[in-house]
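Residue numbers (the working numbering), protein chains in the order written: chain A, 1 to 404; chain B, 405 to 808. Glycine residues also receive a C-beta, built at the ideal position from the N, C-alpha and C atoms. Since we're looking at a predicted model, the values are computed, not measured.
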């Protein structure tokens, strides 16, 4: 019995490790939560007639694509920082905002004061917005606690929201997101290694460990200590690298065989080559550059090297956009990525950045039945029609979980 | 009897000619299609109790603002040019696209072949998207016909869509949008003046006349001929000025007392002063710069001069975004406009650009009952939460016409 048939699409888009194909006049069949057939409508419907499917969606004139995978978010937090955004537009600089009690430490205070239920509720609200814009799997980082108790509560919130929402969540521990007031980076890294990582491992929720390797935050050596300890405790390394200044974080990612190196605005040719050689997935975050009004990362450097470049939202109180569809639009309009490359970067390559490269972000027999129907006559129309969402229907594990 | 009460908002935003105010804990009452009261909830509900209103909307924790006015669109067209967008991202330049049969003349061919019903149907689809992103009034230009018959059909399509859709449309004749193949600008302007303008006036739909004053398209003198003839026939002048090269179009707008001068990326200090002196509304189109990946217009030059700067989408097949909310986001993140200034630019000032400065784009007694409820705790949150829509409910003339 076919559980779901999405039939007669103008195009079915099938990104994978090798590239991206578009099947004109295509159909997808899903059974028991997984894709069982993708191909030309005539071929698929002979085995899976629409009349015999529990649910049949007519995708005539529309594009079918895998659900987006967002491989980098800080989506669990409390408080709103729109007033800081307005202050920045009126000329306040980051230092002034920090001195007036704003910035990341304001979010840390709000998160420390928030109950588990508040964190879960806030996260669920954001997941609704993510889902409506096509995200079916998202990585979510802790990192607004900066102490054992709050970091564990953030991870517990991610775990509970994952249970309660169709969007699948991948939890990342990011205790070393900032240096808490009243200590220094070296001392804080001691605490992360001695207390936070063992507690996180004991809790058993987090899968990855991330660190903000940046001038004035955590050095390459401090980042290495954290990620080495994490890897020894079976937390796969990820890293925020080369965002504002080049510090060597990309080379560290290559040394450690991190799952991904993220941001990479200041990465050099040597950094690109090292990541490529080591098989580290580069994750670019165009929303951050958009809201900071800085240059974008050099996407072409990674694409031209044949690397599986991924895109993510970086959703957080300082980059307040939940939409992977919009990240794809920024990649095209801002970074000048080809729509097909951008689509691969939001699906198959994004899955690779969270070690899910075989199971999600693709439409092939055996992959998860996570897919989107977009109101677009062809793939390129999705980013072409910018600032609005073309996502009409979202399917997760073969079930319709959002419909416009 | 109060027809509609939107009560207990976290903020009611009231832009007008003098600036913009925010009323905390505010309520708006609408009767017979027009606003009758705006103010602190306690004051308004004493005269207009929620129980006595035909429709009451609880806007707790949300922002109420006027419906957006989009003062510059080319929203009636046929065909899709997403393939050209992809080709540009792969490196094709505009000249190559034109030579392969693309660009504006491709849209002209598609529009000439389209029936009135096709044009109306396409426009209605786009108006649905506009409405869902908060636009309650939009200017729409002709200009993909470039001959009498098709220009009149485009204006008739605007008129019919206006009748059939909640979004109010303001029709602009823009025969001089491009020089049709097989003629030259001078000869084509002769035809516009001798044949198109009289036919358009005879048809009686268009209210404004616009011209693409640009190097290689229509010169300042040709634009002057068109707009002088139009003004003599009671079509109010508008102008596309100083977009790619500075030609003097802004000075022409000042000379003629145009309702607006639009684009203005290359405007000089003298141009700004001339527009200010003449009371011409500057209309900035950040979506065009976003999709072309060029610099934005210098919004601060107009804001700092105290001018009523307006924003618009420029929605067209080469700038495919229907969303005024996104235009506001681009103005903030890209042009670094203050959210309050950007909100005034999408409402009261945008209304001024289409000679509706007293009746729409504001929330004050006597203004049209066109308003939005945004899922945002304060005004700045609307652009802060970028790439997604915060518009939850749209009211037109006191009636709920969109609800998320």
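- Taking residue 131 of chain A as the centre and dropping the five residues before and after it, the same chain places the C-beta of 166, 167, 394, 401, 402 closer than 7 Å to its C-beta, in chain order.
- Distance from the CA of residue 716 of chain B to the CA of residue 477 of chain B, rounded to the nearest whole angstrom, comes to 7 Å.
- Between residue 17 of chain A and residue 305 of chain A, the C-beta spacing is not below 8 Å.
- Scanning the region 717-797 of chain B from its first residue to its last, the whole beta strand (DSSP E) runs of 3-plus residues come out as 775-778.
- Annotation for residue 11 of chain A: the continuous beta strand (DSSP E) segment containing it runs 2-16.
- Counting only Cβ-Cβ distances below 7 Å, residue 724 of chain B has contacts in chain A at 384, 385, 386, in chain order.
- For residue 685 of chain B, the enclosing beta strand (DSSP E) covers residues 685-688.
- For residue 170 of chain A, the uninterrupted beta strand (DSSP E) segment begins and ends at 168-173.
- Residues of the region 121-144 of chain A with a C-beta atom less than 7 Å from some C-beta of chain B are 129, 133, listed in chain order.
- Between residue 299 of chain A and residue 247 of chain A a beta carbon distance of about 21 Å is seen, past the 8 Å cut, so the two are scored as non-contacting.
- For the region 86-115 of chain A, residues whose beta-carbon sits nearer than 7 Å to a beta-carbon of chain B comprise 86, 89, 90.
- Residue 95 of chain A counts as exposed, since fewer than 16 other C-beta atoms from the protein chains shown sit within 10 angstroms of its C-beta.
- For the pair residue 726 of chain B and residue 391 of chain A, the CB atoms are not nearer than the 8 Å cut-off.
- Each of B/659, B/606, B/648 was checked against the Cα of residue 627 of chain B, and the nearest Cα belongs to B/659.
- Against chain A, the beta carbon of residue 740 of chain B has neighbours under 7 Å at 89, 293, listed in chain order.
- A direct Cα-to-Cα measurement between residue 734 of chain B and residue 690 of chain B gives close to 6 Å.
- Residue 643 of chain B: not part of any alpha helix (DSSP H); member of the beta strand (DSSP E) spanning 640-645, first to last residue.
- CA-to-CA, the gap between residue 763 of chain B and residue 184 of chain A works out to about 59 Å.
- Of A/195, A/316, A/4, A/380, the smallest CA-CA separation from residue 49 of chain A is found for A/4.
- 8 Å or more divides the Cβ of residue 457 of chain B from the Cβ of residue 445 of chain B.
- Assigned with DSSP and collapsed to three states, residue 454 of chain B falls in helix.
- Restricting attention to alpha helix (DSSP H) runs no shorter than 4 residues, the region 500-559 of chain B encloses them at 508-517, 520-536, ordered along the chain.
- Straight across, the Cα-Cα distance linking residue 163 of chain A with residue 154 of chain A is about 14 Å.
- In the structure shown, residue 163 of chain A falls within a helical segment according to DSSP collapsed to helix, strand and coil.
- The beta carbon of residue 596 of chain B sits closer than 7 Å to those of 579, 580, 630, all from its chain and outside the five residues before and after it, given in chain order.
- Taking a beta-carbon distance threshold of 8 Å, residue 381 of chain A counts as an interface residue toward chain B.
- Residue 277 of chain A counts as exposed, since fewer than 16 other beta carbons sit within 10 angstroms of its beta carbon.
- Taking a beta-carbon distance threshold of 8 Å, residue 782 of chain B counts as an interface residue toward chain A.
- Within chain A, the C-beta atoms nearer than 7 Å to that of residue 736 of chain B come from 89, in chain order.
- The beta carbon of residue 743 of chain B falls within 8 Å of a beta carbon belonging to chain A, placing the residue at that interface.
- Per the DSSP secondary-structure output, residue 700 of chain B pairs with nothing in a beta bridge.
- Following the DSSP letters along the chain, one finds residue 198 of chain A inside the alpha helix (DSSP H) bounded by residues 197-203.
- Taking a contact as a CB-CB distance under 8 Å, the pair residue 434 of chain B and residue 773 of chain B counts as one, their CB atoms being some 4 Å apart.
- The beta carbon of residue 169 of chain A sits closer than 7 Å to those of 138, 140, 158, 161, 162, all from its chain and outside the five residues before and after it, given in chain order.
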